[in-house]
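Mapping of the sequence shown onto our numbering: residues 559 to 919, in sequence order.
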Amino acid sequence: MATGKVRPRRSKGPVVAVTGAASGAGRLLAARLAEREEIRKVVAVDGHRGDVPGVTWRVVDIRDPLLSNRLSDVDVVVNLDIERSPDADAKERRTHNVRGAQTVVTAAAAARVRRVVLVTSAMVYGAVAGNEVPLREDAPLLAEANTSIAGDYLEIEDLAASAAGTHPGLEVTVVRPAALVGPGVDTVVTRHFEAPRLLTVKGSEPAWQFCHIEDLASALETVVIENLAGPVAVGCDGWLGMEEVSEITGKRGFELPAAVTFGMAQRLHRLGMTPAPATDLHYVAFPWVVDAARLRAAGWKPAYDNATALLVLMEETAGRHAVVGRRVGGKEATMATAAGATVAAIGAAAAIRRARRRRRV
559 MATGKVRPRR
569 SKGPVVAVTG
579 AASGAGRLLA
589 ARLAEREEIR
599 KVVAVDGHRG
609 DVPGVTWRVV
619 DIRDPLLSNR
629 LSDVDVVVNL
639 DIERSPDADA
649 KERRTHNVRG
659 AQTVVTAAAA
669 ARVRRVVLVT
679 SAMVYGAVAG
689 NEVPLREDAP
699 LLAEANTSIA
709 GDYLEIEDLA
719 ASAAGTHPGL
729 EVTVVRPAAL
739 VGPGVDTVVT
749 RHFEAPRLLT
759 VKGSEPAWQF
769 CHIEDLASAL
779 ETVVIENLAG
789 PVAVGCDGWL
799 GMEEVSEITG
809 KRGFELPAAV
819 TFGMAQRLHR
829 LGMTPAPATD
839 LHYVAFPWVV
849 DAARLRAAGW
859 KPAYDNATAL
869 LVLMEETAGR
879 HAVVGRRVGG
889 KEATMATAAG
899 ATVAAIGAAA
909 AIRRARRRRR
919 V
């Protein structure tokens, strides 16, 4: 059943299914594809019905083994049903993201879908001090295969790499956006900018690159229409240095040695006081800028530059406060804002001592 007026079925052009179509980049992509003359029909897949007009809605969990029944008339599937929130339970998040992608690929092969587009992240390249700026799309994947969101993306990438052997005839393209911003985006990176001051690691200069979800949607539209092969990187042109970021955000940085920064973050994570492992802090400390060469060659251009995307991020996070990725409020937020990073670090150390004392009791 459809919501809104669906265009008459055309004799030519692919039928494209978009998962996660009720919100975020999935909603934006479904709406864009519904307006394209080259697309015969858009199938919007989500766990609940959304408000995109001109599409055919199919309400189903992407992890449902019977998903293939909903893809019987589909030529291309774009998977945007991804959980990214730092507050999500790591096991539940991985089950949703990895099993979801696996089910989409398996269901697509069973339904004889010719192509699947899996959206991961430029995080798979890893964030290290020695990274080239920018990274080539075929650069090695150096992210750590741990319980972080980057670990989810690596598993999805492995799934994509093995798909050709497992499902002959099925093409799988991976799309790797830079740090996402926009309405509803909540990640380790966006929470970094909710902090009263911006962490930097001694001896390293971060290089900031963003990708607005509207640009991700337009990039995926190009991937579908132009049948681009992957891997495909997506992001604003160029990058911002720390001085530019401070000027745009109005927030000063504070510098700590790497051992102190990552050691404290890992201890806090082990104690359950912060949502993300210490390796996630690498993505706010070291560069992971990408070059969207394949999209650029196809004529795609981002609508947002990095400065504008950062301003969008600051508007979205206004009034929120986070320390090491953990949202705080009330007195905690006031204290963090007033005293800055020093108080946050002292408070974290005190919390560790209290937790240790409780364990001894």
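C-beta atoms are modelled at their ideal positions from N, C-alpha and C, and glycine is treated no differently. Given the structure is predicted, the values throughout are model-derived calculations rather than measurements.
Listed in chain order, the non-local C-beta contacts of L756 below 6 Å within the same chain comprise K809 and G811, local neighbours out to five positions each way being set aside. Within the stretch 742 to 771, complete beta strand (DSSP E) segments of at least 3 residues are found at 756 to 759 and 768 to 770, given in chain order. According to the DSSP assignment, V662 belongs to the alpha helix (DSSP H) that extends over G658 to A668.
In this structure, the alpha-carbon of A592 lies about 25 Å from that of A850. Note on geometry: alpha-carbon atoms of G658 and R621 lie some 5 Å from one another. Your pair R734 and A791 checks out as a contact, with CB atoms roughly 5 Å apart and the cut at 8 Å.
Contact annotation, L638 with V600: C-beta distance approximately 13 Å; criterion of less than 8 Å not satisfied. Residues V682, Y683, G684, L712 and E715 of the same chain have their beta carbon placed closer than 8 Å to that of L699, with the five preceding and five following residues left out of the count. According to the DSSP assignment, T807 belongs to the alpha helix (DSSP H) that extends over M800 to T807.
Judged by DSSP in its simplified three-state form, R621 adopts coil rather than helix or strand. In the three-state reduction of the DSSP assignment, D604 falls in the strand class. Less than 8 Å divides the Cβ of S581 from the Cβ of G608. In summary, E650 is exposed, with fewer than 16 beta-carbon neighbours lying within 10 Å of its beta-carbon over all protein chains present. By the beta-carbon neighbour count (other beta carbons within 10 angstroms, threshold 16), R694 is exposed.
Taking C-beta separations shorter than 6 Å and ignoring five residues to either side along the sequence, the partners of A583 in its chain run L638, I771, L774 and A775, following chain order.
Burial state of D696 is exposed, judged by a 10 Å Cβ sphere holding fewer than 16 other Cβ atoms. Shown here, N655 sits in a helix according to DSSP, grouped into three states. For the pair V848 and H840, the Cα-to-Cα distance works out to about 16 Å. Residue state for A719 is assigned as helix, using DSSP reduced to three classes. Boundaries of the beta strand (DSSP E) around T577: V573 to T577. Here D744 has S643 as same chain residues with Cβ atoms under 6 Å from its own Cβ, once five neighbours each way along the sequence are excluded. In the three-state reduction of the DSSP assignment, V730 falls in the strand class. Counting along the chain, R594 sits inside no alpha helix (DSSP H), nor does DSSP assign it H or E at all.
By the C-beta density criterion, L728 is buried, having at least 16 other C-beta atoms within 10 angstroms. For L629, there is no enclosing beta strand (DSSP E), since its DSSP letter is neither H nor E. The criterion of a C-beta distance shorter than 8 Å is not satisfied by V610 and V573. If you check the CB distance, V842 and P764 come in under 8 Å.
Counted as a single uninterrupted DSSP element, the stretch harbouring N864 is not any beta strand (DSSP E) but the alpha helix (DSSP H) occupying residues N864 to T875.
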